[in-house]
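Report on one structure; see the data block that follows.
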Amino acid sequence: MIPQSFVQELLSRVDIVDVIERHLPLKKSGANYFACCPFHGEKSASFSVSPSKQFYHCFGCGAHGSAIGFLMEHNGLGFVDAVKELAGQVGLQVPDDGHHASPAETDARERLYEAMAAAARFYKEQLRHGPAAVAYLKRREVSGEIAARFGLGFAPDEWQALQRVFPDYQAKTLAEAGLVIDNDQGRRYDRFRNRIVFPIHDRRGRIIAFGGRVMDGGEPKYLNSPETPLFEKGRELYGLFLAQKAIRDAGHVVVVEGYMDVVALAQFGVANAVATLGTATTPQHVLALLRQTDRIVFCFDGDAAGRRAAWRALENALEALRDDATLAFLFLPAEHDPDSFVRAEGAEAFRKAAAGATSLANFLIQELSARHALDTAEGRAGLVHEARPLVTRIGAPLLRLQVMKMLAEASELTQTEIEDALGLRQSRAVRKAPPHQEGWRPPARNFTPRRAPVRGGRRKPPSAIESLLRLVLTHTALAARLPVGLIPDDSAEGRALIAIIDMLSLGEPVPAGGLGALIERFRDTPHGEPLSRIAAELVDAEFDEAVIEPLFEDILRKLQIDHVSAELAELMQRSRENGLDNRGRHRMAELLVEKSKLSSAAKGSDL
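Position one of the sequence shown corresponds to residue 1 (the UniProt record's numbering), numbered consecutively onward.
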């Protein structure tokens, strides 16, 4: 875990323009720099980089982020690797929970990489001298070009073939790398024997593990390297490093179950496929893929085993879901796997099938509905009962709402009833705060910076909370003056604003690395999505500093009026239902006077 303080220091030292210009030619236009977006095909430059905000945004495809986010997206890196690469550019040493790797630890890790690279060269060379392996690949219609692209090799049918590469066959490094096995009698032998070998790369292209496939009917059919200091199968995907460009070009990634499926699809021109490594799809897999694309298609055999595997993938993906991304499930005919399907039907048929894959929401409701007799009250109740733990785990709030609507229809309940049944009734309450809480200053008009035109129609004006969040994102110190009790927590924007206020109240400094650094502060939190979305709208915004303070005060006044109005409405409701005691009547009178004063002040302000 990299300390947040280091991330903030790093972003304060780098210039996002310099970082991106290493990969793209940028041209200055006004206050910002522009280029053709590297994440989608375009002829006009809509990719904007703001040096003042240290943030980039593409007005064409919506890609946006900080310097770290750019390296993650462009180079296909994980967060840690992106931070390390960026730190290396400015000469900073990356700490790990306060622990710095010793020279000995660094050397040991490098020896593991070197051992894996040497083994890969050996296996690749052995393929040239393995007629049975060559014949097998020819039968599978794998060309020499594709075999070379994936670095395919062959492990000879020998117990200690690697001794030819590693004279010190008893070296500790070989066992740590997972290349050899030590049995109970202390005898050492090669892990991979008489198998086609598939090198597994990390997102920087380094070989971190191998997969081996038998060429006959032996078992196990697939054999992977064990988990090592370099390799964690729940995080890695076969073929991802090689598929990154194809994924961007296709606009989606296809996730299959075997190495040969990836290779066969690539042989037929479907190069945007990856495979899990002997494990069910994990949330880490989903997050890694969503850094590459906003559409994931899971491809499974159409038999019962395939549907069970698809259901496990769905369960593991729920918490990683985003409202701006799509997960879908493709079930092939029962007699096919991806390899056989693309050979029999062709690449275009496979692409068409992937385009028509079942959405996650539809698969979820269809699968659950099939398990219950929906023509009975008990069956419909069972459907809702089984759905509850799944729906509550959906990390995308708008998608969760859509699934709840589908579930309400299937179970013949109203939306309110399904929300109550699932325990997901949306709170409309506003946090209570004393009407004159210390630190509150009068407030509010909408703050609307210049932004790119919205395609497909007009966008509704921002709410007071959205306007305030826009202001705070560019003038973060203002958040310290906001009383948290005035901020409604019934929207993602409101909760994000409260998080910024809490950050400052706990003594954290305002990030020195601009808007990009502030967004990085909330990466991998529920607030990251709304903050980065609004930040993207601000990348090309222009500000008149003379009106910032009046804007801030007007917005606060509007929130105070809303707060007083909410309390008044509650008292009036109580008065209609049960009447009010003297204290309640006195409080209502106070609030009416206060609302009148605030409204008068609002009318008198320069709106």
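In this text, a Cβ means the ideal position worked out from N, Cα and C, and glycines have one as well.
Everything numeric in this text was worked out from a predicted model, so none of it was measured.
According to the DSSP assignment, G211 belongs to the beta strand (DSSP E) that extends over 207-213. Note that the C-beta distance between V255 and T293 is not below 8 Å. Of the residues assessed, I555 falls on the buried side of the cut-off, its CB having 16 or more other CB atoms within 10 angstroms.
Here the C-alpha atom of A147 lies approximately 12 Å from the C-alpha atom of E125. The beta-carbon distance between L478 and L471, rounded to whole angstroms, is 6 Å. This is short enough to meet the 8 Å contact definition. A straight-line Cα-Cα distance of about 8 Å links Y259 and G211. Counting along the chain, K172 sits inside no beta strand (DSSP E); it lies in the alpha helix (DSSP H) bounded by residues 172-176. Three or more beta-carbon pairs separated by less than 8 Å are not found between the stretch 402-414 and the stretch 497-509, which leaves the two stretches without contact.
No residue range can be given for N194, since it is assigned to no beta strand (DSSP E) and is classified by DSSP as neither H nor E. Relative to I20, the option among G30, C36, L518, F6 whose CA is nearest is C36. Around the CB of P25, fewer than 16 other CB atoms lie within 10 Å, so the residue is classed as exposed.
Counting every other CB atom within 10 Å of its CB across the protein chains shown gives S575 a total below 16, marking it as exposed. With a beta-carbon spacing of about 23 Å, I200 and Y169 fall beyond the 8 Å limit used to define contacts. The three-state reading of DSSP puts Y222 in strand, counting E and B together. K233 sits buried, since 16 or more C-beta atoms from the chains shown fall within 10 Å of its C-beta. Between D301 and the set N362, L332, L152, E42, the nearest pair of CA atoms involves L332.
Boundaries of the alpha helix (DSSP H) harbouring F363: 360-370, taken from the DSSP string. For H563, the closest of A517, V539, P488, E553 by C-alpha to C-alpha distance is P488.
Beta bridge pairing from DSSP links V49 with Y33, Y56. Straight-line measurement puts the Cα of A63 at about 20 Å from the Cα of L399. A313 is a Cβ neighbour of F298, given a cutoff of 8 Å. Our two residues, S491 and D182, have alpha carbons roughly 57 Å apart in a direct line. Of A541, E529, H475, the smallest CA-CA separation from P509 is found for H475. Counted as a single uninterrupted DSSP element, the beta strand (DSSP E) harbouring R295 occupies residues 295-300.
Within the same chain, I519, F522 come within 8 Å of G528 by CB-CB distance, once the 5 residues on both sides are set aside. In this structure, F154 sits near Y123, with a CB-CB distance shorter than 8 Å.
If the five residues before and after Q244 are omitted, its C-beta is found closer than 7 Å to the C-beta atoms of G76, Q292, all from its own chain and listed in chain order.
Around the beta carbon of N316, 16 or more other beta carbons sit within 10 angstroms, so the residue counts as buried. Between the beta-carbon of R188 and that of V180 there is about 5 Å, and that keeps the pair under the 8 Å contact cut. Per DSSP, V254 is not a residue of any alpha helix (DSSP H); the beta strand (DSSP E) it occupies stretches across 253-256. According to the DSSP assignment, V263 belongs to no beta strand (DSSP E) but to the alpha helix (DSSP H) extending over 259-267. Leaving aside the five residues that flank T282 on each side, the residues in its chain whose CB is nearer than 6 Å to its CB run, in chain order, G234, N316. For the stretch 142-175, the full-length alpha helix (DSSP H) segments reaching 4 residues or more read 144-150 along the chain. With contact defined as three or more Cβ pairs closer than 8 Å, the stretch 491-500 and the stretch 44-51 are not in contact. Take the alpha-carbon of A171 and the one of G514: they are about 49 Å apart. Distance between I207 and A373, taken at the CA atoms: about 50 Å.
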